[in-house]
Amino acid sequence: MSAILPPPQRIWWKQPLDRVELVWIVVAFVWCLVLFFMMPYWHVYGKQNLSSETYRTTPDAFAKKAQAMTDQFKVREEGAEKTPVVAPPAGSDVYLIGRLWAWWPILELEKGKSYRLHLTAMDYQHGFSLQPENINIQVLPGYEHVLTVTPNRSGTYAIVCNEFCGIGHHKMVSKLYVK
Amino acid sequence: MTNTEMFRTCPRSGLQFHRSAEGLIKANAVAAVVFLLVGGVLALLIALTRWQAVHLVGADDFYMILTAHGLNMLAYWIIFFEIAVLYFCSSTLLKSRLATPRLGWLAFALMLIGALTNNVAVFMGEATVMFTSYVPLPGHPAFYLGLILFAVGALIGCFIFLGTLVVAKSEKTYEGSIPLVTFGALTACIIAIFTIAAGAIILIPTFLWSAGYIKYIDPLMYRTIWWAFGHSWPSGTPLPPSCSARSPCPSACRAARSCCTSCSCSSPAPITCCPTRGCPPSGKYSTPAMPCTSQCSPR
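Protein sequence lines correspond, in order, to chains A and B. Our numbering applies: residue 1 is where the first sequence begins, and numbers increase by one. Our numbering applies: residue 180 is where the second sequence begins, and numbers increase by one.
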């Protein structure tokens with residue numbers, strides 16, 4: 001039977017099924033089931049998909065909270081921009097701003113302690129990407145994304161923007177320290 | 180009209196072509212491969228830039244080329260070719276005349292004008308917003324208008340396919356079931372209608388937003404609906420100001436390749452900002468401790 005011609009018999013589905021065709025149908029169906037159940041499984045056990053909470057916010061309201069945290073827990077400044085490095089206490093709410101084209105401030109967290117990490121974008125959409133852990137979340141303006149994070153390895157991590165945000169997108173890189 | 184005038188039998192394949200349909204199939208298929216060629220050349224430029232030893236083009240042009248590459252490959256090449264396949268699978272394989280060939284040419288014209296308009300907006304450097312064009316990253320209104328025209332044309336093409344199935348059935352050009360390939364095309368057509376309509380639904384308000392008629396588009400809503408453009412199963416706050424929404428964009432800013440326009444950063448002084456090939460959000464960075472970034476240099 002050619003695929004480009006109408007089937008020769010009107011009731012074509014009552015013809016006996018070829019063994020090879022049956023095998024392929026079963027293989028395809030089983031693979032579909034595997035893919036389907038992998039989605040919820042990987043979300044729960046894959047330790048890769050973030051279960052973030054999302055709230056509405058405004059750039060001003062968020063900036064105020066980030067500024068208050070920075071004023072209180074700043075330990076030093078870094079780089080040409082004199083970006084503040086902030087070491088907030090364990091268990092507290094920590095704020096990170098994405099804007100054209102920087103992350104602000106630099107966070108210094110403690111290994112094994114949990115934090116509530118709040119993220120927002122001031123202007124356009126940005127992408128929070130923590131490397132080399134490869135933890136990613138899209139950060140939208142007008143929304144506050146909250147993640148509970150527990151760093152399990154000390155060191156210096158890179159935060160890169162992985163959503164296009166204009167001509168300086170590739171320069172939007174920062175650090176995250178874990179002590 | 181006799182059968183021989185309306186139809187032509189291909190001497191090599193033996194397939195029977197409706198003459199009006201044949202012209203449309205050719206036009207759509209040729210347009211498709213031309214856009215594939217353009218997208219492929221752009222892909223080469225992208226690869227030669229990502230290859231650090233060559234690093235062909237600067238950031239400015241790289242992002243522009245990447246935007247054009249995405250659109251030409253993922254929208255224009257695929258959908259032009261899909262329309263050609265739909266006409267072939269309905270008209271030729273069912274030995275039927277194509278429903279409304281004139282509307283078919285209207286659909287083709289809309290798609291072509293839309294695709295060209297969109298490409299011009301991108302290559303003028305006024306819509307470097309990537310294929311996704313996430314709001315509130317601003318692009319020129321012609322960018323969105325071009326995509327909308329293309330989507331409307333493609334939807335007309337889909338309905339001409341469905342109309343041809345109806346014509347073939349009622350004129351009994353075949354017996355029993357439709358061929359397997361035509362069945363596949365029907366599935367593709369149903370998915371295309373859903374997804375292209377989703378694209379049009381979100382791009383129409385985005386076009387109005389970029390032209391300044393709508394104040395705010397929710398970025399989360401945009402992202403959700405936009406991803407239904409091409410995927411059949413997609414996954415009120417104060418406005419982060421963008422020039423195009425709150426105040427008209429200076430034309431000098433739009434025209435400039437690397438947009439440089441002042442933004443009201445209070446620290447340390449009015450500064451010059453080059454955020455994108457559009458207008459920058461202004462007045463956001465008023466907290467003294469959060470000075471503008473290095474790309475913003477004091478005037």
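Using N, Cα and C, we set each Cβ at its ideal position, and we do this for glycine too. Owing to the predicted nature of the structure, the values given are computational and were not obtained by experimental measurement.
For chain B, the residues of the segment 163-176 of chain A that bring a beta carbon within less than 9 Å of one of its beta carbons are Glu163, Phe164, Cys165, Gly166, Ile167, Gly168, His169, His170, Lys171 and Met172, in chain order.
Around the beta carbon of A/Val20, a 10 Å sphere encloses fewer than 16 other beta carbons of the protein chains shown; the residue is thus reported as exposed. Boundaries of the alpha helix (DSSP H) around A/Gln72: Pro59 to Phe73. As for any alpha helix (DSSP H) of minimum length 4 sitting wholly inside the segment 320-404 of chain B, the runs are 320-349 and 359-389, ordered along the chain.
The alpha carbon of A/Ala121 has as its nearest neighbour, out of A/Leu5, A/Pro16, A/Gly79 and A/Leu96, the alpha carbon of A/Leu96. Counted as a single uninterrupted DSSP element, the alpha helix (DSSP H) harbouring B/Ser199 occupies residues Arg198 to Arg229. C-alpha of B/Ile375 to C-alpha of B/Ile258: approximately 10 Å in a straight line. In this structure, the alpha-carbon of B/Leu291 lies about 39 Å from that of A/Pro8. Between the alpha carbons of A/Met69 and A/Trp103 lies a distance of about 15 Å. The beta carbon of A/Arg10 sits closer than 8 Å to some beta carbon of chain B. When beta bridges are read from the DSSP output, A/Glu78 appears opposite A/Thr83. In the DSSP assignment, the residues bridged to A/Glu53 are A/Val146. Note that the C-beta distance between B/Ala206 and B/Phe338 is not below 8 Å. Distance between B/His410 and B/Val314, taken at the CA atoms: about 19 Å. Counting along the chain, A/Ile97 sits inside the beta strand (DSSP E) bounded by residues Asp93 to Arg99. The segment 109-125 of chain A makes contact with the segment 303-318 of chain B; the number of CB pairs closer than 8 Å reaches 3 or more. Shown here, B/Tyr255 sits in a helix according to DSSP, grouped into three states. Across the structure, B/Ala208 and B/Trp256 are spaced so that their CA atoms are roughly 9 Å apart.
DSSP places A/Lys179 in the coil class of the three-state scheme, outside both helix and strand. Listed by position along chain B, the residues whose Cβ is nearer than 7 Å to that of A/Leu5 are Pro358. Within its own chain, the residues whose Cβ lies closer than 6 Å to the Cβ of B/Leu324, once the five positions on either side in sequence are excluded, are Phe386, listed in chain order. A distance below 7 Å between beta-carbons, with the five flanking residues on each side excluded, links B/Glu261 to the following residues of its chain, in chain order: Ala367 and Ala371. If you ignore the 5 residues before and after B/Phe340, its C-beta comes within less than 6 Å of the C-beta of Leu265, Ser269 and Cys368, all in its own chain and listed in chain order. Nearest to B/Ile396 by alpha-carbon distance, out of B/Phe329, B/Ile383 and B/Phe362, is B/Ile383. Under a 10 Å Cβ-count criterion, B/Tyr401 is classified as buried, with 16 or more other Cβ atoms of the shown protein chains found around its own Cβ. Taking B/Ala300 as reference, the option from B/Val236, B/Gly318, B/Gly332 and B/Phe186 with the minimal CA-CA separation is B/Gly318. DSSP links A/Arg116 through a beta bridge to A/Asp93 and A/Thr148. Cβ neighbours of A/Arg153 within its own chain (closer than 8 Å, five residues either side excluded): Lys111 and Val178. Collapsing the DSSP output to three states places B/Thr307 in coil. With a beta-carbon spacing of about 17 Å, A/Gly98 and A/Tyr115 fall beyond the 8 Å limit used to define contacts.
Interface flag for A/Gln125 against chain B is set, since a Cβ pair is found closer than 8 Å. DSSP lists A/Ser129 and A/Val173 as the bridge partner or partners of A/Val160. For A/Ala28, the enclosing alpha helix (DSSP H) stretches over residues Arg19 to Tyr45. Along the segment 302-314 of chain B, going in chain order, the ones with a CB nearer than 7 Å to a CB of chain A are Met309 and Tyr313. Contact annotation: A/His118 and A/Val146 have beta-carbon atoms nearer than 8 Å. Here the segment 342-350 of chain B makes contact with the segment 271-281 of chain B; the two share three or more CB pairs at distances below 8 Å.
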